[in-house]
Structure formats: structure tokens, C-alpha cells
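Using the working numbering, the first residue of the sequence shown is number 11, and each one after it goes up by one.
Ideal Cβ positions, reconstructed from N, Cα and C, are used throughout, including at glycine.
Below is one structure, written out as C-alpha cells, with a few remarks after it.
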Amino acid sequence: MGATLSGLANIFKPLFFWNGGKECRILMLGLDAAGKTTIIYRLQLGEVIQTIPTIGFNVESIDYNGLKLNVWDLGGQTSIRPYWRCYYANTQAIIYVVDSTDTERLPTSRSELITMLSEDELKDAKLLVLANKQDSPDALPASEVSLQLGLDSMKDRTWSVRGCSAISQDGELNEALNWCVCMRIYEYLTDCKRRTIKAEMKTWKLGAGLAGLSGASAYTILAGSYNASLTTYTFDSDKSTIGYGKKHSLPQGFAPSWIQESPVNDSLVAVCSETFPGSVASTLIEDAENHSVVNTLPSGGDGPASGGFTADGKCFVAANYASGSIQAYSVADDGKISNLGKPQQLSGSGPNKERQTSPHPHHVVASPLDDKTVYIPDLGSDRILQFAIKNDNLDKVAEYETPAGSGPRHGVFHPELPILYVITELSNEVLVFKVDDSGGLEQISKIGIVPESKKNKTSMQASEIGISSDGKYIYAANRDVKPADAKDEDHLAIITVGEKGEELSVKGHAKVGGIQPRAFKLFGAKEEYLIVGNTYENDPNVGIFQRDTLTGEVKQAAKQGGQSPTSFIWLADL
């Protein structure tokens, strides 16, 4: 039969927390006399308490199996129901209580439920319907209540209906709440732990299994570049060799410098063509040898250097570096992209007269807090811009300043803590931002990444940043745009991350086997390897490094010249 809901909640509970605990906001709604307040006190105190009708609202915090649930019990009288909508914001789950014996008012219950669920602020909230008062002989079964409410017609909503009695001791209430908790944990896992879980699942598909997550010896990497096609690289860890695989053709005139894997569909890859004007292609990588272009659209500007999906994979945003504009797209289940609104022109500048005369958005980072928010580092204006998809449009939420002349380029979130790390191209630093519950950013520290041997050079321009899935090490690429000669290798800074994610220290620097690394990627089930693309025109090459997962240190395992890749995706599941 498998684990019970309670068992599942306990199994996944340790993964649910960010920095010591994450609260879940639940609305409990229903008509008057449905038993909402009685249910709350049963769950909170474990006993039945005599209550009076709730006038207005009642807020209770329930510590349920170690998870803190903030439950808002809203009155159900006719005069109060219009005010329910004032409490919809930031709700993760709805508990809708129905009096199973009150058959005359079931149509009213249905009408109120449909009206409530049509609100945009609740479109992602999970729905749990409690068919209460099942201890009464006149009660309709939960299946009939579900039919009367029209739950079967809700195709775009995660819902469950449970029969229960607020005054009995049969455990039905606990199992019902466990469903709510499990849905919230699932939401957290898919939003905040998606990359780690996907990496493990990819390795299992390769046959490594639970017994040996690092058992694979052959790896396939998809690479973007300024050439007209995508290239696959094969790495044999036993032989320490890199080979060239299939070249995937793209529409004529494409320069696919940035490729981004969907967070929910392993086969879907968005491709940004850094051309003038720019384009975005939605591509299905069917296996290492086959691919198909779903469709292409203009990027809404010039030179899209990057792009990113929202956490739910339903939207993609292109960042047009050259023209300083952004364009959002919806992503259908079949991978087809469609414009969401018109291109948005950014504004602003910075003190660097050569690089900051206008806005230059350089990256799109999905928020782990919700499915609709992204952060865009703007190198040209020294700002990080926060946007959110709302009403089929990309709306600006806030903007956060970075140090003048720093030139924020790329960002990455800590895998378990509310911390954002941003690498700056012009000041060659990693900035550390604390993220509050609303997604707001506050810079709390920064650290330089240039090695001692090059600290006096004015030609250093940092490029890429990455973090290990255990959150212990950050890697940051240094880039010398005016090297002394072809032997003047650039370095990868290895940064130790403190327990709270806020304190960083440079552990050391590793040579990257070339000059001007534009991109790198951690790969392997335990991220035991790292691939780097060095783009120096006199000696372009690809290097693969073996990573010590305990110390964070890297050493070169293989090198192949002749190519200048600019972005990577690990195709381990193909």
C-alpha cells in the first residue's frame, strides 16, 4: 500500500526548511456553521472546544508534525463572505469546510467556492475540501459532496476531498491535514530542490542507481556557442578524453550563445541567439543525436546574452544585453513559446563610461520562493531588477542597487537558504544578498575573487558563477580580456560558504587550462566534474575538471582545443 500521508510528511519534513523553518499560510473557508473553528481547535488542542460563530477572522498557528501552519479562519456569514478576498494574498493552501448535512445550502457553497477560485491570487493554491459532520446519519458521503461542488471539472487545480468529523477521534482530520502538508512539501521540493533531485534522477536513469551515484563513466554535454549550431561533447572519465558528438542545426542566422534547460521538462531547451536583432528558439532535444525546433520568435531586442525560465517552467524571459530590453514568453506543454506582452525597455546607466552608458540585462534568475518571479542583473545600471508574471504580463516589482560601477552579471541562489549570490563583471566580486519572505533583497556582504597575481590588472572581467548543490562551495570565473600571452591562464575562484550562507571566504584559485572562460557547468550525480569553455581567440578550448566534493578543489581531467563554447547543459538523462 505504500507510506501513509503522515509517514510521507515526516520523511520529507527535513527538506522543507529554509534556515530553520518555513511557514505555510492556509485559509480555512466555508459557510457559517460548517465547523471551521471547531476543526481548528481540534487540530491545535487535540480536543473538542465549544465555539461561537466567528465574526470577522480568527488566526491560529498550528505546530503540526514540526511544521508551522498559519491558519486563517474566516467567518462564513453572508455579510462577511465579500471580505474573504482581502486575505487571499500569499496563500499556499485552502481548506474549504462543508456541512455534509446541510444539503439545502450546497449550491451556495458551490457558488462561493467557484467565485473564490476564480481569483488570480489563488490560482496556484492547493484545495482541500473537508466534508464535515460525517458522524451524522444524514450526512452526504464525501464523493457526493465532491459531485455537488463540481470538483471533477477542476482540471487546473490540485485538490482533494476528505470526509471528516470535527468531534470524532477517528484520525480523518489528521490525514486530511497531512494531504495539505504533503502538497506544500511537494511544492517546496519542486521549487527549491528541483535541480538536485533532477541530477540524482538523471544518474538513476543511466543505471548508477542508489548503490553508486557516481558510477557513470560516460557523459554528454550540450554546448551553445556563436556558431550556427548546438554541439554535443562526450566525456569518458575512464579514459579522460573529450570527443565531439552530434551538431544540432538551428534556423539560418542563429548564434546560440545561451542555452537554458527547462526546470520541469528534461527535453526542452530554450536557445537565445545573440544576434541583431535577436531571436529565441524553443528546442526539444530528443536524445544525444536528435532534436527538433518547436518554434522561434524575436527576442524583443538586440543581442540576447541570456534568458531564464520561471521556476514552474511555464514562462521564459529573454535578456537583450545590447538593446537593454527584456521579453517574456509563455511556454506550452508541447514546448511552443508565445509572447507575453510587448518587449520592455529598461533604463539607467552607471559610472563606467565605456561599459555603462545604458542598461545591459545579462541574466535571468528564477526565484525559489514562487513560480512567477525572476531577478535580472543589469550590468549597465548597477541594479538587480525583480519582475513577476501577473495577468499574462511581466510586471516590475522592485529594483535593488549594487555598488556603483560593479556591473552585476550573473546570479545563483543558495540551494537551501534564502540567499542570492551575484557575480559582478566590472568590480570582480561576489555580492551576497539576503532574501526576505516577499522576495526583497538586502546586500549583506561581498568578496573579491581575483587571484593575487592579477589583482593589479585593469583588464579583469568576471564571467560566471555556480554553487554546489550542497551549498558548501561557490565557483567564480575570472577572465582577463587583455592577456599577456597565450600561456597567461585565467583562474576559477573556489569559495567556501559559511553555514548560514552569509559569510564567504576564498579558499583558493585553480587554473582553467585556458584564457577567458565565459561559462562553466558542474555535472555528474554528485557534481564531481566541471566543464569550462575558454573563448580566447588564439587558443579556444574546452576543459573538464574533476571536483573533490569534500574539499571543493578541482584538477584538470581532460582538454580539447578548437571550440569556443559559451554555455552548457548536462544531457545525462538522454
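Counted as a single uninterrupted DSSP element, the beta strand (DSSP E) harbouring PRO353 occupies residues 347 to 355. In the structure shown, ASP490 falls within a strand segment according to DSSP collapsed to helix, strand and coil. When C-alpha distances from HIS372 are compared across SER437, ALA135, TYR385, ASP148, the shortest belongs to TYR385. By the Cβ test, the region 575 to 583 is not in contact with the region 497 to 517, since fewer than three Cβ pairs between them sit closer than 8 Å. Between the beta-carbon of LEU540 and that of VAL507 there is about 16 Å, and that puts the pair past the 8 Å contact cut. Between LEU159 and SER110, the gap from beta carbon to beta carbon reaches 8 Å or more. Scanning the region 99 to 162 for uninterrupted beta strand (DSSP E) segments of 3 residues or longer gives 103 to 109, 136 to 142, listed from N- to C-terminal end. At least 8 Å separates the beta-carbon of LYS482 from that of GLY534. Within the DSSP bridge table, the entry for TRP580 names ILE231 as partners. Distances from the CA of PHE286 to each of ASN275, ASN300, ASP297, PHE264 were compared; the closest alpha carbon is that of PHE264. Beta-bridge partners of ALA568 (DSSP): ILE554.
Take the alpha-carbon of ASN100 and the one of SER357: they are about 30 Å apart. Here DSSP, grouped into helix, strand and coil, assigns GLU296 to coil. In this structure, the alpha-carbon of GLN471 lies about 9 Å from that of VAL460. The alpha carbon of TYR331 has as its nearest neighbour, out of THR306, TYR339, SER156, SER368, the alpha carbon of SER368. For ASP388, the enclosing beta strand (DSSP E) starts and ends at 383 to 388.
Between the region 486 to 498 and the region 441 to 453, the count of C-beta pairs closer than 8 Å stays below three; the two stretches do not touch.
Rounded to the nearest angstrom, the Cβ distance from THR383 to GLN396 is 7 Å, consistent with a contact under 8 Å. Segment contact: the region 300 to 319 against the region 333 to 344, three or more CB-CB distances shorter than 8 Å; contact assigned. Within the model, the alpha-carbon separation for HIS301 versus VAL281 is close to 13 Å. Secondary structure note for ARG419: its beta strand (DSSP E) is the uninterrupted segment 418 to 423. If you check the CB distance, ILE394 and PRO418 come in under 8 Å.
Between ALA44 and VAL107, the beta carbon gap of about 4 Å places them in contact (Cβ cut-off 8 Å). When the Cα atoms are used, SER478 and ASP558 turn out to be separated by approximately 11 Å.
Buried is the label assigned to SER267, since at least 16 other Cβ atoms lie within 10 Å of its Cβ.
A distance of 8 Å or more separates the beta carbons of SER309 and SER292.
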